[in-house]
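A.B. asks:
Number of protein chains: 2
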Amino acid sequence: MLSDKILNAGSIAVVGASKTVTKRGYQAIRILLEEKYEGRIYPVNPKLESLFGLPCYPKVSAIPDPVDLALITTPAATLPAVLEDCGKKGVAGAVIIAGGFGELGEAGRELERKMVEVARKYHIRLIGPNTSGMINMHKHLNLVGLRDAPAGNIALISQSGNMALTMITEAKVKSRIGFSYYVGVGNEADISFHEYLEFFEKDPNTSAILMYVEGMRNGRKFLQQAYQTTRKKPIVLLKSGRSAIGQRSAGSHTGALAGMSEVARTAFKRAGIVVVENSDELLPCAEALANLPPIKNNNVAILADGGGHATIGSDELSDLKVNLPDLSDKTKEKLKAILPAAASVANPVDVAGGADDNPVVLAQCARILLHDPNIGGVLVVGLFGGYSIRFSESLAFAEEDAAHQFGKLVRETGKPIIMHSLYNFAKPHSLDLLRYYGIPVFDSLELSCKAIGVLAEYGGYLRGYKSKVKFVFNMGAKAKARGQAILHQAREEGRRALLEHEAKELISMHFGSPCRDQLAGSPDEAVEWAEKFEEPVVMKIVSPDILHKSEAGGVRLNLKKPAEIKRAYKEIVANAKAFNPEADIRGVLVAPMAGDGLEIIIGTKLDDQFGPVIMFGIGGIMVEVLKDVVFRVLPISPYSAKNMINEIKSVKLLDGFRGQPPADRKAVKRLLLTVSEIIGSYPEIQELDLNPVIAHEEGLSVVDARIILKP
Amino acid sequence: MLSDKILNAGSIAVVGASKTVTKRGYQAIRILLEEKYEGRIYPVNPKLESLFGLPCYPKVSAIPDPVDLALITTPAATLPAVLEDCGKKGVAGAVIIAGGFGELGEAGRELERKMVEVARKYHIRLIGPNTSGMINMHKHLNLVGLRDAPAGNIALISQSGNMALTMITEAKVKSRIGFSYYVGVGNEADISFHEYLEFFEKDPNTSAILMYVEGMRNGRKFLQQAYQTTRKKPIVLLKSGRSAIGQRSAGSHTGALAGMSEVARTAFKRAGIVVVENSDELLPCAEALANLPPIKNNNVAILADGGGHATIGSDELSDLKVNLPDLSDKTKEKLKAILPAAASVANPVDVAGGADDNPVVLAQCARILLHDPNIGGVLVVGLFGGYSIRFSESLAFAEEDAAHQFGKLVRETGKPIIMHSLYNFAKPHSLDLLRYYGIPVFDSLELSCKAIGVLAEYGGYLRGYKSKVKFVFNMGAKAKARGQAILHQAREEGRRALLEHEAKELISMHFGSPCRDQLAGSPDEAVEWAEKFEEPVVMKIVSPDILHKSEAGGVRLNLKKPAEIKRAYKEIVANAKAFNPEADIRGVLVAPMAGDGLEIIIGTKLDDQFGPVIMFGIGGIMVEVLKDVVFRVLPISPYSAKNMINEIKSVKLLDGFRGQPPADRKAVKRLLLTVSEIIGSYPEIQELDLNPVIAHEEGLSVVDARIILKP
């Protein structure tokens, strides 16, 4: 847990304090003074006696009182020495503004390593480098140089100073919300995303966390932390770099099938994070989540005054997979009683001018809707706040009355209301009143829909949370000793790839079924195995030096008679020797033919940011032509395994298509969990590929398996 | 072409003129007077002598001077009589406010029919009914009751009064643009969308057309008109009702595969319309298209000041399929010469603070970029307009200088610039200057990207236009007489479904290949045909009373020997008789087996709004599980046929998958065009289904064909 001395520092040393107005070392102190920072400020500059009436010190270690945090504005090259000095003084943390570290090639990375080494030695925690700084709004501790940021209950974590500026400007101009903290994470040389998250989870001034992320150094730790945090506080996140990351991730075969940004998106969502793709949605979503209760049943009613808005709202909520359920007869009757005949009391409700002479009618409708047990929240769209502008000034009081009623309804029912108003621009008092009750007001219909949509999404996550965490899956604990031996053997022989029968043995053990693939050392042994199977067999060359067995003439299918099998053995070995005279040939694998069924593919790879990732798809056209695959960060729960299967677009093929029998879903799910367990049990595995697996009506056959160890 | 007397009326009669302040007949006249309508106003009300100092008339026919247009505010039931009177006076058009017509069930529809009948008799053209009215901004002719709408060069056509209010409010509040006209089309009882379009295409005050559409009565005419209009003026359109239409369109088998909203979207785009899905995008897109040249080569450069905005902008433009090409070495050198070392001169360009003390640098960069022949437009993102706010007030003049340079650059190069500015809210003068030159400024990064994206989309449409129109496809002109005879025969027999061999003959004739399916009337005849084919044959029952041939035991496959064929004939006929003793059995169809190849499906149906629509997909899993199909409104050109094939997600299957030979794309394209021609040649066809067709490496086989005539 991050010490309070970092983000809640009681005293600040400003290294590089300056009299030059344009310098950061001048601006920082001026803003701390102007914004009335609650702690003590120590300018540090050997050439100055004093600054803004404060005594100036030649170095941090010369400051007589304790120093919590140093803001360091001097160039990159000075950092190791400055931190040495901070360390001697016992400073707890440093905010490092300078760029020119890890982002600028090898020399920068070397400097960054050196700087972090010094910091570790003295237990100094670092924000940045290459950061725009940090703001603690409640302590008036502003180390950014961005004035007049509005205070509120949203913690902002951003990897771009510009995006922080965007959020802060929008909060100020477009709504009445604000921030508890801002942190520019910069290069994450020391403190990384998950530690800020942990801190904000416990911060009493923070109700929601808003994040702009370009890339993460510790994606896995972040996910683990987020999984905890989102149970208590909502997180809204925009991850940019979709297009670039898509290009970068074309690594191994499995990864080339989809951009890793898809992996990140799914992983974030699985951790309960609300992921948005459009930066315009960030603040509205954070505002709704920070101030309103989530929706418990994914059911929303739209309350409109006119057709167009109602239609667009319905389209939009349908796209967001929010239900617009029918209203109960009782609810409809109550609405009818207060609305004109032309009104529509279906969902969306259209008051059809019924509020023109009395906007309180809208609040009455909202009350009826929110007291319907089937309705989880209400989206009001259209003209509220503007009845007084459009029709008669005297309606302003009625609108204010309605606003109070809306606000109290939320408190009373524990269900949210979101307001869309064309008249937001005119800043009527009634809309400010709504904000006083935490009801956000947007002039965009689509953003209003999105805001109520994320309340439903987050509510759904919290509702499903329990079913997601209760799982124990450790079928193969006993298998681990033998598994370690197999991996050890490969290492001993200087191999990074397991032989096919080794890989299959490992999988079978953890899957909890006997491995039917057998290594034969002679033609006679091959016949013996085949006779035991009492089925037609496939035979494949086993050699660490032959990767592509078919190319080397090392595969024979559907063999039945002993003579066939003997001949096949000899031919396979001869072909292999012709293909590569140096090859170390271990024998020939004999296995029963897989039989009919649906071809599936399961693979894993290591992602730079998130560690091991699993992929699943239905083989052939679906994977190769349509890229119809799903990814998850490992490990996965039975719940996730089931979701992975159901998320495949071609999932219906598992039910049997055009007279084919259905595939054994239970076995597929079990195999996914087995792979998850194997990757969790043997951290030395870099990649695993089961391609293809044939899923039968009952059970499955792993036709080919490949496991590669880390270098 | 709509008469000038409707939308440019020189005199207005207000039927239902009133002294009651809340009545439309009062407000309308007050606003005409307040906004200084250039024409003459005649209040009509038998109970009043005068209103606002104007003489009042008992009925329209009592007005002594000519009347161009009547605004009718009286209830629905009065309409036939009021129009009778207008007709006698020779009024050219009427705006009908009242609701209660077609939208309210059968009684309303009857009233609407009656009203239209009177209007037709007297050649009165009707706007509405159920409309919020019409505004001609340049003549100050405001029949809506919505004050202070801003004047400009965008014509607004809306099917929702609320959405019109939204657009007008946004234009006023968020930008400096405005409208030439607003028309509320209402129920389209008489004048429909395409006529307004034709009028605005020719209107010198209109540069772009903005449309909000819920549904269309004459979709086909609209598309034809739009196809003409978009060559001259851009159209931006939002079609709502995605979710509802999706439900409604689950009609015939073909239609059930995808919502018809997909048909509409594709059809609109094919006519050159810019279709948006988010109402927030409507006005920004219209503003860009109305005031800036389209982009000729789909290549855009981003000019940023800071990383975050550049990254998000790149993601967004990539999603919109706009290219961000590399810059030439020459361009890079020129940029380097004026930017600091930390700047990035790749695309996106990041000036990295290089404009902090001189924002003119941004205009210099834009000049360099737009003079690169490979760059078609520039998107400036970030802080422009705010350098004076953030750093020093004195920079305001430099920003204004830069704004003039940006504006002149657009004129000089014929390439557009779009500006994103965080400081739009502060309304700095420099941003107003940009608007003076037609450069839009948005505070949303995503909307800025969308705006430059549609300039690229529209430019691409205009560029490709020629290749789209040059086509003649009339292979089967000679076939038409025989085709008519086949259809006639079916009608004679009281059949709506063609028999399979009739349908296949029709298709073969138009496709230009002999039909190999033959009707055999006896076992011996069947053998004769089979011997002529010299191939294994399929045999199928032919009976107008048996639709599902397999169910009736009426299909036999892969028959070779004469004895087999004879037996099959007898069995098929016996089975058919057992299945339906009343069945009129015409014989048995004999055809060569189709052979190997890829299964495809082609179908047509009639859409309520757009008329005949064609569907294409790859059979089996692709259509049935993945709904991987494309639609087009008919007729289609060779260009569209090619696009249809390429838009299928599983298109790669046509190239041959896992060792399969490729399918004959030319033949598939030809078959699509043949179907288009057939539907165009025989308007009496309601539905056509070719399912399946086997596409071979060379040529194709229509395995089953079904043609249904209109009732």
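These protein sequence lines are chains A and B, in that order. Everything in the first sequence is counted per the working numbering, starting at 78 for the first residue and increasing by one. Everything in the second sequence is counted per the working numbering, starting at 78 for the first residue and increasing by one. Backbone N, C-alpha and C fix where the C-beta goes; we use that ideal spot for every residue, glycine too.
Please identify, using Cβ separations under 9 Å, the residues of the region 719-740 of chain B that lie next to chain A, in order along the chain.
C.D. replies: Under the 9 Å Cβ criterion, the region 719-740 of chain B contributes K726, S727, V728, K729, L730, F734, R735.
A.B. asks: Keeping to the same chain, check which residues put their C-beta closer than 8 Å to that of L749 of chain A; ignore five residues upstream and five downstream.
C.D. replies: Your numbering for residue 749 of chain A matches position 672 in the first sequence. Around L749 of chain A: I679, I691, F693, I713, A718, M721, I722.
A.B. asks: Under 8 Å Cβ to Cβ from P739 of chain B, same chain only, skipping five residues before and after it: list those, please.
C.D. replies: Locating residue 739 of chain B in the second sequence gives position 662, where the first residue counts as 1. So the list reads L731, D732, G733, E774, once near-sequence residues are dropped.
A.B. asks: Taking the C-alpha atoms as reference points, what is the distance between M78 of chain A and Y542 of chain A?
C.D. replies: As a first step, residue 78 of chain A must be located in the first sequence, where it is residue number 1. As a first step, residue 542 of chain A must be located in the first sequence, where it is residue number 465. So the alpha carbons of these two residues sit roughly 24 Å apart.
A.B. asks: Would you please verify whether the beta carbon of M496 of chain A is less than 7 Å from any beta carbon of chain B?
C.D. replies: By 1-based counting over the first sequence, the position of residue 496 of chain A is 419. It does not; no Cβ of chain B falls within 7 Å.
A.B. asks: Between the region 385-397 of chain B and chain A, which residues of the former have CB atoms less than 7 Å from a CB of the latter, in chain order?
C.D. replies: Going along the region 385-397 of chain B in chain order, one finds G385, H386, T388, I389, S391, D392, S395 with a Cβ nearer than 7 Å to chain A.
A.B. asks: On the CB-based measure, 16 or more other CB atoms within 10 Å of its CB, does S767 of chain B come out buried or exposed?
C.D. replies: The residue given as residue 767 of chain B occupies position 690 in the second sequence. Rather than Ser, the amino acid found at residue 767 of chain B in this sequence is Leu. By the neighbour-count rule (16 or more Cβ atoms within 10 Å), L767 of chain B is buried.
A.B. asks: On the DSSP letters alone, give me the boundaries of the beta strand (DSSP E) that I691 of chain A sits inside.
C.D. replies: As a first step, residue 691 of chain A must be located in the first sequence, where it is residue number 614. Segment 688-695, the beta strand (DSSP E) holding I691 of chain A.
A.B. asks: Tell me, which residues are paired with D267 of chain A by DSSP?
C.D. replies: In the first sequence, counting from the first residue as 1, residue 267 of chain A sits at position 190. None; D267 of chain A has no bridge partner.
A.B. asks: What separation, rounded to the nearest whole angstrom, lies between the Cα atoms of K704 of chain B and L634 of chain B?
C.D. replies: Locating residue 704 of chain B in the second sequence gives position 627, where the first residue counts as 1. Locating residue 634 of chain B in the second sequence gives position 557, where the first residue counts as 1. Rounded to whole angstroms, K704 of chain B to L634 of chain B spans 28 Å at the Cα level.
A.B. asks: Could you check whether the Cβ of F178 of chain B sits closer than 7 Å to any Cβ belonging to chain C?
C.D. replies: The structure shown contains no chain C; its protein chains are A and B.
A.B. asks: Verify whether the separation of the beta carbon atoms of K407 of chain B and V422 of chain B is less than 7 Å.
C.D. replies: As a working mapping, residue 407 of chain B is identified with position 330 in the second sequence. As a working mapping, residue 422 of chain B is identified with position 345 in the second sequence. The answer is no: Cβ separation not under 7 Å.
A.B. asks: State the beta-bridge partners of G664 of chain A as determined by DSSP.
C.D. replies: As a working mapping, residue 664 of chain A is identified with position 587 in the first sequence. Partner(s): A:V619.
A.B. asks: Identify whether H386 of chain A lies in helix, strand or coil by the three-state DSSP scheme.
C.D. replies: On the first sequence, residue 386 of chain A is found 309 positions in, with the first residue counted as 1. In the structure shown, H386 of chain A sits in a helix (DSSP, three-state: H, G or I).
A.B. asks: Distance cutoff 7 Å, beta carbons only. Does E523 of chain B sit that close to anything in chain A?
C.D. replies: Working through the second sequence from its first residue, we reach residue 523 of chain B at position 446. Answer yes: the Cβ-Cβ gap between E523 of chain B and chain A drops below 7 Å somewhere.
A.B. asks: Just to confirm my understanding: we take I677 of chain A, look at its own chain, exclude 5 residues before and 5 after, and list those with CB closer than 6 Å. What are they?
C.D. replies: To locate residue 677 of chain A, count along the first sequence from 1; it is residue 600. Around I677 of chain A: I695, G696, V770, A772.
A.B. asks: Between V619 of chain A and the rest of its own chain, which residues show a CB-CB distance below 8 Å, the 5 nearest in sequence each way excluded?
C.D. replies: In the first sequence, counting from the first residue as 1, residue 619 of chain A sits at position 542. Correct list, in chain order: L576, E577, H578, L596, I662, R663, G664, V665, L666.
A.B. asks: Please give the ranges of any alpha helix (DSSP H) in the region 337-395 of chain B, keeping only runs that are unbroken, at least 4 residues long and fully inside the region.
C.D. replies: 337-347, 359-368, all fully within the region 337-395 of chain B.
A.B. asks: Nearest to G459 of chain A by alpha carbon, out of A:R467, A:I452, A:G453?
C.D. replies: The count along the first sequence starts at 1 and reaches residue 459 of chain A at position 382. Here the closest residue by C-alpha is A:R467.
A.B. asks: Got a sec? Which residues, its chain only, sit under 8 Å from K411 of chain A by beta carbon, not counting five neighbours each side?
C.D. replies: For the purposes of this step, residue 411 of chain A is taken as residue 334 along the first sequence, with counting starting at 1. Cβ neighbours of K411 of chain A beyond the five flanking positions: I445.
A.B. asks: Using 10 angstroms around the beta-carbon of Q686 of chain A, count the other beta-carbons present and answer buried if the total reaches 16, otherwise exposed.
C.D. replies: Taking the first residue of the first sequence as position 1, residue 686 of chain A is located at position 609. The residue is buried, with at least 16 neighbouring Cβ atoms inside 10 Å.
A.B. asks: Counting Cβ pairs closer than 8 Å, one from the region 445-456 of chain B and one from the region 375-389 of chain B, do we hit at least three?
C.D. replies: A contact exists between the region 445-456 of chain B and the region 375-389 of chain B.
A.B. asks: Is E577 of chain A near the ligand FAD, in the sense that its beta carbon is under 6 Å from a heavy atom of that ligand?
C.D. replies: Among the components of this structure there are no ligands whatsoever, and the ligand FAD is therefore not found.
A.B. asks: Counting along the chain, where does the alpha helix (DSSP H) carrying M244 of chain B start and finish?
C.D. replies: One-based indexing of the second sequence puts residue 244 of chain B at position 167. 238-251 is the extent of the alpha helix (DSSP H) around M244 of chain B.
A.B. asks: Kindly indicate which three-state DSSP category H448 of chain A falls into: helix, strand or coil?
C.D. replies: The count along the first sequence starts at 1 and reaches residue 448 of chain A at position 371. Coil.
A.B. asks: DSSP three-state call for F610 of chain B: helix, strand or coil?
C.D. replies: One-based indexing of the second sequence puts residue 610 of chain B at position 533. DSSP places F610 of chain B in helix when its eight states are reduced to three.
A.B. asks: L703 of chain B touches chain A at which residues, Cβ-Cβ below 9 Å?
C.D. replies: For the purposes of this step, residue 703 of chain B is taken as the residue at position 626 of the second sequence. Under the 9 Å cutoff, chain A gives M699, L703, D705, K726, S727, K729.
A.B. asks: Using only alpha-carbon positions, find the residue among A:K113, A:E111, A:K96, A:H271 that is nearest to P120 of chain A.
C.D. replies: Here the question's residue 120 of chain A lines up with position 43 in the first sequence. It is A:K96 whose Cα lies nearest to the Cα of P120 of chain A.
A.B. asks: Would you be able to state if there are at least three C-beta pairs under 8 Å between the region 210-228 of chain B and the region 184-191 of chain B?
C.D. replies: The region 184-191 of chain B, when compared against the region 210-228 of chain B, does not touch it at the 8 Å Cβ threshold.
A.B. asks: Identify, in the order they occur along the chain, each residue of the same chain with its Cβ nearer than 7 Å to the Cβ of I174 of chain A, setting aside the five sequence neighbours on each side.
C.D. replies: Here the question's residue 174 of chain A lines up with position 97 in the first sequence. Taken in chain order, the residues that qualify are R101, I149, T150, G205, T208, G210.
A.B. asks: Pick out whichever of A:K637, A:C592, A:R342 has its Cα sitting closest to the Cα of P613 of chain A.
C.D. replies: The residue given as residue 613 of chain A occupies position 536 in the first sequence. Looking at the Cα atoms, A:K637 is the closest of the given residues.
A.B. asks: Which chain A residues sit within Cβ distance under 8 Å of S320 of chain B?
C.D. replies: In the second sequence, the residue the question calls residue 320 of chain B occupies position 243. Here the neighbours are S391, D392, S395, D396.
A.B. asks: Evaluate N230 of chain A with the Cβ neighbour count: other Cβ atoms within 10 Å of its Cβ, from every protein chain shown; 16 or more gives buried, anything less gives exposed.
C.D. replies: Here residue 230 of chain A is taken as the residue at index 153 of the first sequence, counted from 1. Buried is the call here.
A.B. asks: In three-state terms, what does DSSP make of F468 of chain A?
C.D. replies: Sequence index remark: in the first sequence, residue 468 of chain A carries index 391 (1-based). Three-state DSSP puts F468 of chain A in coil, outside helix and strand.
A.B. asks: Sort B:K557, B:M496, B:A503 by Cα distance to G530 of chain B and report the nearest one.
C.D. replies: Along the second sequence, one-based indexing puts residue 530 of chain B at 453. For the residues B:K557, B:M496, B:A503, the minimum Cα distance to G530 of chain B belongs to B:M496.
A.B. asks: Quick one: Cα of M244 of chain B to Cα of E111 of chain A, how far?
C.D. replies: The sequence position of residue 244 of chain B within the second sequence is 167, counting from 1. The sequence position of residue 111 of chain A within the first sequence is 34, counting from 1. If you take the alpha carbons of M244 of chain B and E111 of chain A, they lie about 42 Å apart.
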